[in-house]
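See below for the structure under consideration.
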Amino acid sequence: MKQKLVQLIYLIFGDPKKNSLEHRLFNAISLVNGSLNILGSIFEETTEYSHRVILLNLISGTILLIMYYFSRFKNIYYVLFWPLNLTILAYLSSLWFLHGGSNGGNHYYFIPALVIATILLKNHNIFFIYAFYAFVTGFLYIFEYLYPNFIVPQKDRDAEYMDLGGNYIFVQILTGILIFILSRNLNIERKKSDNLLRNILPESIADELKMNDTVQPKRYDSVTVIFTDMAGFTQIAEKMTPEELVKELHFFFAEFDKIAKKYGLEKIKTIGDAYMAVAGLPTPNHTHARDAVFCGLEFQQFMKKQKEERQNLGLPTWELRLGIHTGSVVAGVIGTEKFAYDIWGDTVNTASRMESSGVPGEVNISLDTFHFIREDFVCESRGLIKAKNKGEIEMFLVKEPREV
Numbered sequence: 001m002k003q004k005l006v007q008l009i010y011l012i013f014g015d016p017k018k019n020s021l022e023h024r025l026f027n028a029i030s031l032v033n034g035s036l037n038i039l040g041s042i043f044e045e046t047t048e049y050s051h052r053v054i055l056l057n058l059i060s061g062t063i064l065l066i067m068y069y070f071s072r073f074k075n076i077y078y079v080l081f082w083p084l085n086l087t088i089l090a091y092l093s094s095l096w097f098l099h100g101g102s103n104g105g106n107h108y109y110f111i112p113a114l115v116i117a118t119i120l121l122k123n124h125n126i127f128f129i130y131a132f133y134a135f136v137t138g139f140l141y142i143f144e145y146l147y148p149n150f151i152v153p154q155k156d157r158d159a160e161y162m163d164l165g166g167n168y169i170f171v172q173i174l175t176g177i178l179i180f181i182l183s184r185n186l187n188i189e190r191k192k193s194d195n196l197l198r199n200i201l202p203e204s205i206a207d208e209l210k211m212n213d214t215v216q217p218k219r220y221d222s223v224t225v226i227f228t229d230m231a232g233f234t235q236i237a238e239k240m241t242p243e244e245l246v247k248e249l250h251f252f253f254a255e256f257d258k259i260a261k262k263y264g265l266e267k268i269k270t271i272g273d274a275y276m277a278v279a280g281l282p283t284p285n286h287t288h289a290r291d292a293v294f295c296g297l298e299f300q301q302f303m304k305k306q307k308e309e310r311q312n313l314g315l316p317t318w319e320l321r322l323g324i325h326t327g328s329v330v331a332g333v334i335g336t337e338k339f340a341y342d343i344w345g346d347t348v349n350t351a352s353r354m355e356s357s358g359v360p361g362e363v364n365i366s367l368d369t370f371h372f373i374r375e376d377f378v379c380e381s382r383g384l385i386k387a388k389n390k391g392e393i394e395m396f397l398v399k400e401p402r403e404v
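Quick note: the sequence shown uses the UniProt record's numbering, first residue 1, plus one each step.
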């Protein structure tokens with residue numbers, strides 16, 4: 001029942017995923033006010049000037065409903081900003097003359113009208129909007145003072161106070177609803193922004209950036225960096241469309257993200273079909289090497305499973321080269337418009353060489369990482385392996401965790 005009600009609301013006013021706050025509010029204001037004006041013309045109390053009020057309600061209500069139609073179903077609303085505001089102002093100004101002027105309480109409606117105009121503002125000049133509304137209300141007050149005979153007075157004191165009190169209460173409720181809509185959407189947008197920032201940066205780094213507008217680079221004496229690369233993927237990718245290529249990489253990297261998160265690693269970046277993550281920052285710990293190796297083993301298990309499934313389906317397959325190295329790095333945020341959390345240092349370069357010198361389908365680690373995890377994993381020495389620009393480096397293949 002609740003879901004159907006939500007779907008009905010989205011159908012009438014617009015889907016938040018497809019329509020902006022301004023667009024949905026425009027739909028709501030034009031539909032609700034247009035409908036109320038039409039109903040008001042039906043139930044208007046018969047008086048000497050009631051035919052004028054009825055005609056005013058019918059005309060303004062029809063105009064507003066036409067605007068709702070174009071906004072909701074033709075997706076045209078931004079160019080209707082001024083027509084909507086002028087229609088509302090013309091309607092309120094006319095009621096000012098027909099319902100007792102300022103003594104009838106109609107001037108209170110200019111407050112939510114200004115709030116609505118401000119919400120719908122977008123690229124319009126806010127100072128001009130405020131000045132325009134101030135001019136209209138000021139003109140009406142002065143005109144009423146200079147030419148009181150143009151104002152249709154209330155029938156009696158009771159009617160005057162009923163109108164005054166009713167309008168005041170209604171405007172309070174309407175303004176409260178508008179403020180609620182604004183605050184709720186502000187919280188939703190803030191949450192979206194925070195989540196987006198935390199998807200780009202580690203949580204503690206994101207909090208520091210929000211508080212200080214900058215992030216101080218920080219040195220970490222001991223972290224473990226993991227690099228991966230799809231062996232043979234480049235040749236296969238040449239036969240794929242760009243859409244297929246992105247879809248394939250997204251599938252694998254999305255799973256890598258889950259595994260990395262499981263073991264507390266911080267994903268740094270992807271470059272083409274390469275994936276880089278680090279354990280031991282931004283919160284230092286003593287298990288970073290162990291966490292990274294467990295992560296690497298699970299990466300390879302996932303890749304082997306996918307290879308078997310693809311072979312059974314007759315699809316092209318590839319394997320993963322994976323290298324791990326432990327050492328010190330400097331971490332920080334670069335950029336002012338598009339933030340990127342990155343790490344620098346010889347440890348990063350060595351980890352990259354561990355990957356490029358690795359064996360497809362295996363977890364290749366350096367001697368420094370081996371010293372941290374030798375008690376927890378069964379490893380096979382590869383001896384000294386020549387690495388580009390690094391000379392010979394002693395490397396090991398991690399086979400499996402040791403039985404406890």
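Here a beta-carbon is modelled for each residue, glycine too, at the ideal position from N, C-alpha and C.
Exposure label - residue i; buried when at least 16 CB within 10 Å
i, result
"S50", "exposed"
"I173", "exposed"
"G101", "buried"
"A134", "exposed"
"T224", "buried"
"V246", "exposed"
"R353", "buried"
"I373", "buried"
"N364", "buried"
"V6", "exposed"
"W96", "buried"
"N149", "exposed"
"Q311", "exposed"
"N19", "buried"
"F127", "exposed"
"R321", "buried"
"G327", "buried"
"Q301", "exposed"
Cβ-based neighbour list, residue i, same chain, cut-off 6 Å, excluding 5 preceding and 5 following
i, result
"K386", "E392"
"L80", "M67"
"L367", "E394"
"T228", "Y275, L320 and L322"
"R290", "I373 and D376"
"H124", "none"
"A90", "none"
"T137", "F110"
"N85", "A117"
7 Å Cβ shell around residue i - same chain, five flanking residues per side excluded
i, result
"L111", "Here the sequence assigns Ile to residue 111, which means Leu is not the residue at that position. V171 and T175, listed in sequence order."
"K399", "V378, C379 and E380"
"G34", "G61, L64, L65 and Y68"
"A260", "K267, A277 and C295"
"F233", "D273 and W318"
"L120", "E22, L25, F26 and F81"
"L397", "V359, E362, V363, N364, C379, E380 and R382"
"N185", "L21"
"I76", "F70"
Simplified DSSP state of residue i, which is helix, strand or coil
i, result
"residue 415", "Absent from the structure is residue 415, since the part of the chain shown begins at 1 and ends at 404."
"N364", "strand"
"M303", "helix"
"R219", "strand"
"K386", "strand"
"T241", "coil"
"E400", "strand"
"G176", "helix"
"D257", "helix"
"V152", "coil"
"D207", "helix"
"D194", "helix"
"T224", "strand"
"Y275", "strand"
"I393", "strand"
Span of the beta strand (DSSP E), counted from its first residue to its last, around residue i
i, result
"S35", "Per DSSP, S35 belongs to no beta strand (DSSP E); it is in the alpha helix (DSSP H), L21 to F43."
"I271", "E266 to I271"
Proximal residues to residue i (C-beta, below 8 Å), its chain only, five neighbours per side dropped
i, result
"P282", "P202, S204, I205, K218, E266 and A331"
"V329", "R219, Y220, V223, V225, V278, L281, I343, W344, G345, T347 and V348"
"I38", "N57, L58, G61, T62 and L65"
"A231", "W318, E319, L320, R321 and P360"
Extent of the continuous alpha helix (DSSP H) to which residue i belongs
i, result
"G61", "S50 to F73"
"L98", "F81 to L98"
"L11", "K2 to F13"
Any alpha helix (DSSP H) of 4 or more consecutive residues that is wholly inside the region 101-150: 110-119 and 126-146
4-residue-minimum alpha helix (DSSP H) runs that sit fully inside the region 277-362, ordered along the chain: 288-313 and 346-356
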